[in-house]
Structure formats: C-alpha cells, structure tokens
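With numbering that gives the first Met the number 0, letter number 66 in the sequence shown gets 65, and the count goes up by one each step, no holes.
Glycine residues also receive a C-beta, built at the ideal position from the N, C-alpha and C atoms.
Please read these numbers as outputs of a predicted model, since none were measured by experiment.
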Amino acid sequence: MSETVITEQLGERGALKMLKFAVEKARELGTPVGVGIVDAGGHLRAWALMDGAPKLAYDVVLKKARTAAYIGRPTGDVPPEPAAALSQAAADFVNLPGGLPVIKDGQVLGAIAVGGGDPKTEVVVAEAGISALDLT
Numbered sequence: 000m001s002e003t004v005i006t007e008q009l010g011e012r013g014a015l016k017m018l019k020f021a022v023e024k025a026r027e028l029g030t031p032v033g034v035g036i037v038d039a040g041g042h043l044r045a046w047a048l049m050d051g052a053p054k055l056a057y058d059v060v061l062k063k064a065r066t067a068a069y070i071g072r073p074t075g076d077v078p079p080e081p082a083a084a085l086s087q088a089a090a091d092f093v094n095l096p097g098g099l100p101v102i103k104d105g106q107v108l109g110a111i112a113v114g115g116g117d118p119k120t121e122v123v124v125a126e127a128g129i130s131a132l133d134l135t
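Quick look at the structure:
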C-alpha cells in the first residue's frame, strides 16, 4: 500500500484562463463583479475586481470560493441546519450562491466564486469560468 497520493492541481494557467472567461462573461452581461479562484486548499490563485464592482466583494468572494473548494459543492446549496452549524465552526464558511467547485474525475481541484451581482448572474459568470477548462 502506497504512503503517498498523486493528485491533480489547479495551476496558474488554468486559474488565469478561468478568470479571463469569467470576466468576459460578466462584461458581456454588463455586470461588474469580483471573481476569485482558489486551489483545493483554499489558497487564492487568481483575483479580479472589475471597475464598478462593490469593494466588499473581495472578502465575500474569497469565502464563497473557499467554501465551494472545502465542501465540493456549490455555495448556496447547503441546507439551513448544517449551514448554520458550519458557519459557526468555520470562519470562512458562507452559504451564498456564486461559488462553484472545480471538479475533475471526482476530485476537487479548487473553486471559482463571483460576488457583486445578483445570485443568478454570479452563477452564470462562475460557470463561464469553469467552461474555460478541459475537465474531461
């Protein structure tokens, strides 16, 4: 039995490509937002605050991205009871829509999150970011 595990990681090029696709989608929709991309450990890999986006987007986006990476599911999808417990146990946990995990072959590589727009637009922008990657 091996004592090590080989895993794929979200690299710099992938994170920047995701960021580019997400920002382009937000521009297309006319919604200035903040976009953040983290690796599976929640470490920031790429960030953009579009002109006109709310300045507080950074903190919210980083928490959304970390939450999606840690739980491996979209933010906003956690039922209220576990969400309340998680928010008390983990300072970075937030259950607002706009954070999506990046998953390949069942493994979480990281997450992208968007903040500063309405929830549906944030999800569309995040999905555009993920579409930049070949996850097959």
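Task: As assigned by DSSP and simplified to three states, the class of Pro118 - done: Here the question's residue 118 lines up with position 119 in the sequence shown. Helix, per DSSP.
Task: Val113, buried or exposed, once every other Cβ within 10 Å from all chains shown has been counted against 16 - done: Position 114 of the sequence shown holds residue 113. Burial call: buried.
TODO: Name the residue from Ala39, Val107, Ile111 whose alpha carbon lies nearest to the alpha carbon of Glu126.
DONE: Taking the first residue of the sequence shown as 1, we reach residue 126 at position 127. For Glu126, the nearest C-alpha among the options comes from Ile111.
Open item on the list: Buried or exposed for Val4, going by 16 or more other Cβ atoms inside 10 Å?
Closed with: What you label residue 4 is simply residue 5 of the sequence shown in a count that begins at 1. By the 10 Å Cβ count, Val4 comes out exposed.
- [ ] List the whole-angstrom C-beta distance separating Leu95 from Gly75, where the pair is believed to meet the contact cut-off of C-beta under 8 Å.
- [x] In the sequence shown, counting from the first residue as 1, residue 95 sits at position 96. In the sequence shown, counting from the first residue as 1, residue 75 sits at position 76. Correct: roughly 6 Å between the Cβ atoms.
- [ ] Determine the burial state of Leu134: buried for a count of at least 16 other Cβ atoms within 10 Å of its Cβ, exposed for fewer.
- [x] Stepping through the sequence shown from its first residue, residue 134 is reached at position 135. Exposed, because fewer than 16 other Cβ atoms sit within 10 Å of the Cβ of Leu134.
Task: Gln8 - partner residues in DSSP beta bridges - done: Taking the first residue of the sequence shown as 1, we reach residue 8 at position 9. DSSP output for Gln8 lists no bridge partner at all.
TODO: Might you give, ordered along the chain, the residues of its own chain that have their beta carbon closer than 7 Å to the beta carbon of Lys24, omitting 5 neighbours on each side?
DONE: Against the sequence shown, residue 24 aligns to sequence position 25. Cβ within range, chain order: Val123, Val124, Ala127.
Task: Reduced DSSP secondary structure (H/G/I, E/B, other) of Leu28 - done: Stepping through the sequence shown from its first residue, residue 28 is reached at position 29. The answer is helix: DSSP assigns Leu28 an H, G or I state.
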